[in-house]
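This report refers to the structure that appears directly beneath it.
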Amino acid sequence: MSIENEILLESDNQNLVKEADAKVRNIIVDLLKTGSVQFELDSLQYKLLRKKENEDFIRSYLRNINIELVVDPDIGLAYIKNLNREDEIADAEDEAQLDPESEAFVEDKFLINKSVLTPFKSILILILRKYYQERFSQGESSIVIDIDYIKNALLPYMNISVSDRKDQQKLNGALRDLCEYHLLKRLPSEDNDRFLILPLIRFVVDLNKLNELLEEFRKVNGTVVGSEDADNE
């Protein structure tokens, strides 16, 4: 049984579930599946969540299963996280000691399942987070990045050829996965090579550790990273 079905059957929430509108229940399921609801991806769903009675219901439902709903109306983002996880996060950070292959920079399991991250995807997320912060700090609200910039930004961290077909396929596959994780949205373009970096990325990587993690990745031999990714594909 999937996690969302298990939660929907939680005894403490049975009365709440019966009273909920089907669309609101779908929002809860989506939150539990993907960790977030974003205006940039589904404006109607986000607006429905933000109706006071719906948001109150969703917040109450999730709190009963020890999950917190966090809403940032300035960037059009609602996401979930576990309650009272400060000690758990601190222990994980101490254990990882900023090992770039531990994927410990993922702040909450609801946002991205760490088991799906390869070192290659981890580097991509860090590069996107850094670019997002640079543009956001300059006052931009919609942060768009193109694939050529991404390719060049990858070079200090691993061996990747802009002309090698296998490398291109690996990059395209990783970008496709990041779209599925709701960190990117592919924009319509002639070459299909432009992406909107979604606000959720702000809550995936701890900004205070960003440069340190990138430096750790820089120290990793690019051929080692590449071979490990190949084993994971």
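Under this note's numbering, the first residue of the sequence shown is numbered 289, with each subsequent residue one higher. We put the CB at the ideal spot given by N, CA and C, even for glycine. Just so we're clear, the structure is a prediction, and the values are computed from it rather than from any experiment.
- Between the stretch 323-338 and the stretch 441-461, the count of C-beta pairs closer than 8 angstroms stays below three; the two stretches do not touch.
- One alpha carbon belongs to residue 470, the other to residue 498, and they sit about 20 angstroms apart.
- According to DSSP, residue pairing for residue 367 in a beta bridge involves 324 and 358.
- Taking a 10 Å sphere around the C-beta of residue 417, we find 16 or more other C-beta atoms and assign the residue as buried.
- Annotation for residue 491: no beta strand (DSSP E) segment contains it, and DSSP assigns it neither H nor E.
- Relative to residue 466, the option among 399, 506 and 426 whose CA is nearest is 399.
- Cβ neighbours of residue 483 within its own chain (closer than 6 angstroms, five residues either side excluded): 433, 472 and 474.
- The beta carbon of residue 437 is closer than 8 angstroms to those of 419 in its chain, skipping five residues each way along the sequence.
- Residue 409 sits in a helix when the DSSP states are folded into three classes.
- Under the three-state reduction of DSSP, residue 443 is assigned to coil, being neither helix nor strand.
- Counting along the chain, the unbroken alpha helix (DSSP H) around residue 346 starts and ends at 340-351.
- Straight-line measurement puts the Cα of residue 341 at about 42 angstroms from the Cα of residue 459.
- In the three-state reduction of the DSSP assignment, residue 400 falls in the coil class.
- Under the 10 Å beta carbon count, residue 332 is surrounded by fewer than 16 other beta carbons and is classified as exposed.
- Residue 476 sits away from residue 365, with the two beta carbons spaced by 8 angstroms or more.
- With a contact defined as Cβ atoms closer than 8 angstroms, residue 370 and residue 354 qualify at about 7 angstroms.
- With contacts defined as CB atoms closer than 8 angstroms, residue 411 and residue 491 fail to qualify as a contacting pair.
- Here DSSP, grouped into helix, strand and coil, assigns residue 472 to strand.
- Cβ neighbours of residue 363 within its own chain (closer than 7 angstroms, five residues either side excluded): 487.
- Under the 10 Å beta carbon count, residue 339 is surrounded by fewer than 16 other beta carbons and is classified as exposed.
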